[in-house]
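Participant: I'd like to ask some things about the structure below.
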Amino acid sequence: MSIKPKLLIVEDEPGILRGLTDLFVFHGYEVESESDGQQGLNRALEGQFACIILDVMLPSVSGFDICST
Numbered sequence: 002m003s004i005k006p007k008l009l010i011v012e013d014e015p016g017i018l019r020g021l022t023d024l025f026v027f028h029g030y031e032v033e034s035e036s037d038g039q040q041g042l043n044r045a046l047e048g049q050f051a052c053i054i055l056d057v058m059l060p061s062v063s064g065f066d067i068c069s070t
């Protein structure tokens, strides 16, 4: 059994989040998600992700601020 790469998606639009999640799960990734910038930052700092996909305009903390942390 192979280990799936783990992604974090931080996106506040439910339709976009659902679409991205479905796409990456279909292609064999393990996906975690958050819809708020601060919660996404906390999750990013706590976890080990192969990649983090960020929206720029998020509630509480922007994607740019998360990247610079």
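Counting with the working numbering, you get residues 2 to 70 for the letters of the sequence shown. Each residue gets a CB set at the ideal place from its N, CA and C atoms; glycine is no exception. Predicted model only: the values in this text are computed from it and were never measured.
Inspect the beta-carbon positions of E35 and G41 and report whether they are closer than 8 angstroms.
Facilitator: Counted from its first residue, the sequence shown places residue 35 at position 34. Counted from its first residue, the sequence shown places residue 41 at position 40. Cβ atoms of E35 and G41: closer than 8 angstroms.
Participant: Where does the unbroken beta strand (DSSP E) through S69 begin, and where does it stop?
Facilitator: Residue 69 sits at position 68 when you count from the first residue of the sequence shown. Run containing S69: none in the beta strand (DSSP E); it sits in the alpha helix (DSSP H), G64 to S69.
Participant: Counting C-beta neighbours from all protein chains within 10 Å, is the total for F65 16 or more, i.e. buried, or is it exposed?
Facilitator: Numbered from its first residue, the sequence shown carries residue 65 at position 64. The residue is exposed, with fewer than 16 neighbouring Cβ atoms inside 10 Å.
Participant: Whole angstroms is fine: what's the gap from H28's alpha carbon to S3's?
Facilitator: Counting from 1 along the sequence shown, the entry for residue 28 is found at position 27. Counting from 1 along the sequence shown, the entry for residue 3 is found at position 2. In a straight line, the C-alpha of H28 is about 14 angstroms away from that of S3.
Participant: How is V57 classed by DSSP in three states: helix, strand or coil?
Facilitator: Counting from 1 along the sequence shown, the entry for residue 57 is found at position 56. Residue state, collapsed to three classes: coil.
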